[in-house]
Amino acid sequence: MKKILNEFIGSFFWTLSMVMCLLGNADQYTGLAVGAMLMVLVFAGGHLSGAHYNPVVTVAVWLRGKCSVSDVPIYIFAQLIGAAIAAIVVDSVLLQKLGELNFPKSGLLSTFGSEFLGSFVIVYVLLNVATAKDTAGNSFYGLAVGGCLMACIYSFGNLSGGAFSPAVSLGMAISKIIPFSSIWIYWIAELMGGILAAFTFLFVNGKD
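Under this note's numbering, the sequence shown has 137 at position 133, and the numbering climbs by one with no breaks.
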């Protein structure tokens, strides 16, 4: 139960930070704010659940052999519910529909590529800094993962919005930052990027 609650909390605040920045006219600071939020959430909850907060990370960590198959569906459920509730809280309580954004701002290929590449590098970095034998148990992986997310948001966010997580994509769709009709592009790109990152990690590191 502690693991599920931690995944819910992490996904909730990651999505809350993302949506608040984008809808609250602070989008120029989104990368810094959301990256910092993920960093502190990883430090706060890494010892409880591994601090995935992202369905793609959960799938990748399972493929890497560091997450039990029984945890995968409940982690993903908690992450999606946390993100959805975060978006509802922002829309109904905090910002009260201050504004709407229209992502993606590019074509299908650019959107797909942005979410694919961002998801790949985030998952690849996380697997190496948090699960590899030589780095397991370190005290810096939250900084690495948060910094990677920040870099990806600044690099790709202007094209796709910078979700890099099916949970965050869901929250952005609920908040009308991206249309529900486009969410499949995000989910497929994110999942493919994460899966490729997991197999790349296994190829580079072996069974570790």
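Think of the CB as a built atom: it goes at the ideal place given N, C-alpha and C, for glycine as much as any other residue.
Quantities reported herein were computed from a predicted structural model and do not represent experimental measurements.
Practice task
Answer with buried or exposed for residue 207, where buried requires no fewer than 16 other C-beta atoms within 10 angstroms of its C-beta.
Solution key: Exposed, by the Cβ-count rule.
Problem - Stretch pair the segment 82-95 + the segment 170-181: three plus CB contacts closer than 8 Å - result: Touching, yes.
Practice task
State whether the segment 18-36 contacts the segment 127-146, with contact taken as three or more CB pairs (one from each stretch) at a distance under 8 Å.
Solution key: The segment 18-36, when compared against the segment 127-146, does not touch it at the 8 Å Cβ threshold.
Handout entry: the segment 61-69 / the segment 194-201 touching (three or more Cβ pairs under 8 Å)
Key = yes
Practice task
State yes or no: is the C-beta of residue 189 nearer than 7 Å to some heavy atom of the ligand COA?
Solution key: The ligand COA is not part of the structure shown, which contains no ligands of any sort.
Practice task
Have a look at residue 126 and residue 111 and give me their C-alpha separation to the nearest angstrom.
Solution key: 23 Å
Handout entry: Distance CB(residue 209)-CB(residue 136) smaller than 8 Å
Key = Their beta carbons are under 8 Å apart, which means residue 209 touches residue 136 by this criterion.
Exercise for the section: Could you name each continuous alpha helix (DSSP H) segment of 4 residues or more that falls completely within the segment 126-185, going from the start of the chain to the end? Expected result: 145-164 and 170-178
Handout entry: At least three beta-carbon pairs within less than 8 Å, the segment 112-123 to the segment 163-171
Key = yes
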